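Novice: Sequential numbering from 88 applies to the sequence shown in our numbering.
Built from N, CA and C at the ideal position, the CB exists for glycine as well.
Since the model is a prediction, treat every value here as computed from it, not as a measurement.
Here it is, the structure, as structure tokens.
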Amino acid sequence: MPAYDLIIRNGTIVDGTGQDRFTGDIAVKDGLIAQVGKVTGDAAEEIDAQGHLVTPGFVDIHTHYDGQATWDQEMAPSSWHGVTTVVMGNCGVGFAPAKPDKHEWLIGLMEGVEDIPGTALAEGMNWDWETFPEYLDALEKLPRTVDVGTHVPHGSVRAYVLGDRERPGAVPTAEDIAAMSRIVEDGVRAGALGFSTSRTVLHRDIGGEVVPGTTATAEELVEIGRAMGRAGHGVFEMASDMMREWDEFGWMGQMSRETGLPVTFAALQSIAKEMPLDEQIESMRAENDNGANIVAQIALRGNGIVMAWQGTVHPFRLKPSWKEIEDLPWEEQKAKLFDPEFKARLIAEQHDFSEVNQDIMGLIMVVCGGWNMQFEMDPDFNYEPTAEESILERAKAAGLSGDEYAYDLLCRDGGKGFIYLPILNYADGNLDFLKDLQHADDTVNSLSDGGAHCGTICDAASPTFMLQHWVRDRARGTIGLENAIKRQCNDTARLYGLEDRGVLAPGYLADINIIDMDRLKLGKPWLAFDLPAGGKRLLQKAEGYVATIKNGKVTFREGEWTGAAPGGLIRGPQRVELLEAAE
88 MPAYDLIIRN GTIVDGTGQD RFTGDIAVKD GLIAQVGKVT GDAAEEIDAQ
138 GHLVTPGFVD IHTHYDGQAT WDQEMAPSSW HGVTTVVMGN CGVGFAPAKP
188 DKHEWLIGLM EGVEDIPGTA LAEGMNWDWE TFPEYLDALE KLPRTVDVGT
238 HVPHGSVRAY VLGDRERPGA VPTAEDIAAM SRIVEDGVRA GALGFSTSRT
288 VLHRDIGGEV VPGTTATAEE LVEIGRAMGR AGHGVFEMAS DMMREWDEFG
338 WMGQMSRETG LPVTFAALQS IAKEMPLDEQ IESMRAENDN GANIVAQIAL
388 RGNGIVMAWQ GTVHPFRLKP SWKEIEDLPW EEQKAKLFDP EFKARLIAEQ
438 HDFSEVNQDI MGLIMVVCGG WNMQFEMDPD FNYEPTAEES ILERAKAAGL
488 SGDEYAYDLL CRDGGKGFIY LPILNYADGN LDFLKDLQHA DDTVNSLSDG
538 GAHCGTICDA ASPTFMLQHW VRDRARGTIG LENAIKRQCN DTARLYGLED
588 RGVLAPGYLA DINIIDMDRL KLGKPWLAFD LPAGGKRLLQ KAEGYVATIK
638 NGKVTFREGE WTGAAPGGLI RGPQRVELLE AAE
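Put into structure tokens, the structure is as follows:
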């Protein structure tokens with residue numbers, strides 16, 4: 088009988104600790120790493136990784152698979168990019184707790200905030216839960232290619248307690264706050280990894296209302312944090328507009344010091360935020376110097392809208408002529424769009440802003456004509472484009488208006504062209520400001536939004552982008568491979584108490600990637616209509632992933648799912664029993 092289940096031989100091992108890479112073997116037994124170094128003996132399967140990187144499986148802590156995880160085993164697109172663990176339930180949205188009369192409301196909340204088709208959620212979920220512990224039980228029934236962990240989401244909790252009183256500006260009573268705190272404490276004790284909320288006007292339900300939590304008081308939020316403190320673990324996660332009058336860092340620091348728990352927030356460069364990114368980081372560090380544990384989640388590229396005729400957003404969506412055809416089947420829309428008379432009429436029209444909320448008018452104006460901030464997604468698009476590559480400059484060079492160039496661009500490839508608009512994290516026209524943050528102990532690489540923004544964003548490929556762009560190809564300066572792997576594996580896992588993964592050492596989970604860095608390349612995004620009820624989603628694959636292994640089972644070979652689904656539900660912090668390392 089073979090000594091091991093799997094041996095990976097001759098790979099360039101980057102073990103996730105930040106230490107220098109080395110050449111060696113990895114032996115796997117019963118889902119765990121048994122030896123690292125020079126491995127003797129045989130195995131049921133061996134993989135020759137000579138010339139390839141061998142890394143821990145990636146841990147993505149900011150995803151929105153809350154609905155998809157109840158029906159989908161493959162967990163694409165994150166699983167296509169070396170991710171073996173996801174944390175979902177971010178930004179205060181999710182599906183538990185859920186009273187039966189709030190199912191539709193919760194779907195509308197998720198659809199509005201995260202652009203996940205409501206029809207897909209309505210058809211895909213069977214709602215065999217009401218409480219949060221029951222939701223965890225439901226998640227536990229389905230094996231997947233990845234492990235899933237989740238937050239208790241503020242929106243669901245507020246709706247469960249306040250019922251029909253939940254609306255923007257609603258002020259919960261002391262009894263309401265106590266009830267919410269009990270739900271969060273029960274959820275964390277049942278295995279939730281934390282609690283999440285959203286406090287940004289960009290997050291709105293399908294009807295345009297700001298989400299629960301946006302107007303919550305510091306007292307409500309701190310009391311919920313205390314509930315996690317009573318449970319003994321949990322991460323408090325938040326997205327916020329960082330208005331100075333809210334003193335977000337003040338109450339986050341208070342909560343962290345009082346409970347001993349980490350607080351993490353989405354740290355983004357944005358012209359819409361009153362507090363610039365450098366001030367956010369400075370304020371966080373002032374609280375941490377005073378005993379808090381606040382961690383900034385940073386994205387590695389511009390948070391961009393990918394615009395297409397069939398996507399959720401494109402520059403001509405508020406033109407009257409588009410409104411006339413927006414509900415037609417695609418082939419009929421396409422025929423109109425390729426009609427020169429229709430094109431001329433649409434381009435000549437003014438946008439109709441009459442129904443646009445004033446809070447997001449600036450963003451809408453950029454979508455509808457900010458040609459200096461929009462870029463053509465050609466096959467070799469690198470996500471750090473220069474001003475000279477903008478639609479404005481390319482239109483000038485072609486002797487066209489920005490409207491004409493953008494229209495023609497969207498019509499390419501049979502009407503499947505894409506425009507990239509980085510609405511956040513790209514105010515400087517480059518990503519230089521992120522370089523130092525990728526070497527900081529108080530930041531983690533995050534904000535992929537895997538599973539969300541199905542018709543607008545395609546950032547689940549963030550780990551691949553990190554390796555391709557930041558480690559290998561970036562002309563403006565790269566980062567070290569060992570540091571990049573540590574940040575995407577070990578650092579993200581440790582923030583959530585997942586100490587059993589993110590490192591290649593004996594005793595850790597056998598969550599492993601084998602990567603051909605020479606071939607690593609992001610593919611062109613495409614729109615698929617493969618969610619339940621034909622729901623659409625933007626997808627992006629990559630070349631160069633030789634194999635991804637979860638719990639010792641090969642889940643993907645050369646980007647194709649093997650059918651193995653060894654992943655499960657994570658309940659609370661995870662510890663590891665270290666074994667003696669091989670020499």
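Which whole runs of the alpha helix (DSSP H) in the segment 481 to 510 are 4 residues long or more, in chain order?
Specialist: 489 to 497, 499 to 502, all fully within the segment 481 to 510.
Novice: Could you please give the first and the last residue of the uninterrupted beta strand (DSSP E) stretch that includes Ala131?
Specialist: Counting along the chain, the beta strand (DSSP E) containing Ala131 begins and ends at 130 to 135.
Novice: What's the C-alpha gap between Thr171 and Thr232?
Specialist: Thr171 and Thr232: Cα-Cα distance of roughly 7 Å.
Novice: Touch check for the segment 542 to 557 and the segment 396 to 411: three-plus C-beta pairs under 8 Å?
Specialist: Verdict: yes, contact present.
Novice: Among Ala493, Pro230, Met448, Gly205, which one has its Cα closest to the Cα of Gly621?
Specialist: Comparing Cα-Cα distances from Gly621 to each of Ala493, Pro230, Met448, Gly205, the minimum goes to Gly205.
Novice: Is it right to say Gln106 is buried, meaning 16 or more other beta carbons lie within 10 angstroms of its own, or is it exposed?
Specialist: So Gln106 ends up on the exposed side.
Novice: If we count the other Cβ atoms within 10 Å of its Cβ and call it buried at 16 or more, is Trp649 buried or exposed?
Specialist: Checking the sequence shown, residue 649 turns out to be Thr, not Trp. Thr649 should be labelled exposed.
Novice: Taking the runs of the alpha helix (DSSP H) that are 4 residues or longer, which of them lie wholly in the segment 505 to 570?
Specialist: Entirely contained in the segment 505 to 570, the alpha helix (DSSP H) runs reaching 4 residues are, in chain order, 549 to 552.
Novice: Quick check on DSSP: helix, strand or coil for Gly584?
Specialist: It is coil, neither helix nor strand.
Novice: Strictly by DSSP, which residues pair up with Leu140?
Specialist: Note: Leu140 sits in a beta bridge opposite Thr99, Ile602.
Novice: Output the distance between the C-alpha atoms of Trp333 and Ser343, rounded to the nearest integer angstrom.
Specialist: Whole-angstrom Cα-Cα distance: 17 Å.
Novice: Quick check on the DSSP output: the beta strand (DSSP E) that includes Thr642 runs from which residue to which?
Specialist: 640 to 644 is the span of the beta strand (DSSP E), which, as asked, contains Thr642.
Novice: Which of the three DSSP states is assigned to Pro653 in this structure?
Specialist: Here Pro653 sits in coil by DSSP.
Novice: Could you pull out every residue in the same chain whose Cβ sits closer than 8 Å to the Cβ of Asp515, ignoring the five residues on either side in sequence?
Specialist: Once the five neighbours on either side are set aside, the close Cβ partners of Asp515 are Gln356.
Novice: Sorted by chain position, which residues of the same chain lie with C-beta nearer than 8 Å to Ile381's C-beta, five sequence neighbours on each side aside?
Specialist: Phe336, Met339, Gly340, Ser343, Pro349, Val350, Thr351, Phe352, Met371, Glu374, Asn375, Asp529.
Novice: Can you tell me which of the three DSSP states Val146 falls into?
Specialist: Val146: strand per DSSP, three-state reduction.
Novice: Alpha carbon to alpha carbon, how far is Ile148 from Gln122? Give it in angstroms, no decimals.
Specialist: The straight-line gap from Cα to Cα measures roughly 28 Å.
Novice: Considering Cα atoms alone, identify which of Ala305, Arg286, Glu306 is closest to Val297.
Specialist: Taking only the C-alpha atoms, the option nearest Val297 is Arg286.
Novice: Would Phe219 and Asp153 qualify as a contact pair, given that the criterion is a beta-carbon distance under 8 Å?
Specialist: Not in contact: Phe219 and Asp153 (Cβ atoms no closer than 8 Å).
Novice: Return the first residue and the last residue of the alpha helix (DSSP H) that Gln367 is part of.
Specialist: Unbroken alpha helix (DSSP H) run through Gln367: 364 to 376.
Novice: Please name the residue in Phe282, Met452, Ala257 whose C-alpha comes closest to that of Arg269.
Specialist: Among Phe282, Met452, Ala257, the Cα nearest to that of Arg269 is on Phe282.
Novice: Given a threshold of 16 other Cβ atoms within 10 Å of its Cβ, counted over all protein chains shown, does Ser477 qualify as buried or as exposed?
Specialist: Ser477 is buried by the Cβ-count criterion.
Novice: With a threshold of 6 Å on Cβ separation, who are the neighbours of Tyr470 within its own chain once the five nearest residues in sequence on each side are excluded?
Specialist: If we look at Tyr470 and ignore the five residues flanking it on each side, its Cβ neighbours are Arg388.
Novice: Just how far apart, CA to CA, sit Ala592 and Thr642?
Specialist: When rounded, the distance between both Cα atoms is 20 Å.
Novice: Pick helix, strand or coil for Ser283, following the three-state DSSP scheme.
Specialist: Ser283 falls in the strand class under three-state DSSP.
Novice: Please confirm whether Ala156 and Leu226 have their CB atoms less than 8 Å apart.
Specialist: Closer than 8 Å, so yes.
Novice: Distance check for Gly567 and Phe462, CA to CA, integer angstroms please.
Specialist: Answer to the nearest angstrom: the Cα atoms are 28 Å apart.
Novice: Consult DSSP for Leu93 and reduce its assignment to one of helix, strand or coil.
Specialist: Leu93: strand per DSSP, three-state reduction.
Novice: Please tell me whether Arg662 and Asp587 are closer than 8 Å, where the distance is taken between their beta carbons.
Specialist: Closer than 8 Å, so yes.
Novice: Note down the Cα distance separating Ala90 from Ala130, rounded to an integer number of angstroms.
Specialist: The alpha-carbon atoms of Ala90 and Ala130 are separated by roughly 6 Å.
Novice: Taking the alpha helix (DSSP H) that Ile451 belongs to, which residues open and close that run?
Specialist: Note, Ile451: alpha helix (DSSP H), 448 to 456.
Novice: Under the three-state reduction of DSSP, which class applies to Ala669: helix, strand or coil?
Specialist: Bear in mind that the predicted position of Ala669 carries a pLDDT of just 43, short of 50, making it unreliable; the figure below should be weighed with that in mind. Here Ala669 sits in coil by DSSP.
Novice: Going by Cα to Cα distance, which pick from Ala136, Lys116, Lys189 is closest to Val101?
Specialist: With distances taken between Cα atoms, Val101 lies closest to Ala136.
Novice: Quick check: the Cα distance between Trp167 and Gly537, rounded to an integer number of angstroms?
Specialist: For Trp167 and Gly537, the distance between alpha carbons rounds to 11 Å.
Novice: Check whether the Cβ atoms of Met464 and Phe505 lie closer than 8 Å to each other.
Specialist: Yes, they are a contact pair.
Novice: Assuming the contact rule is C-beta atoms closer than 8 Å, His290 and Val200 should be a hit. Round their C-beta distance to whole Å, please.
Specialist: With a Cβ gap of about 5 Å, His290 and Val200 count as contacting.
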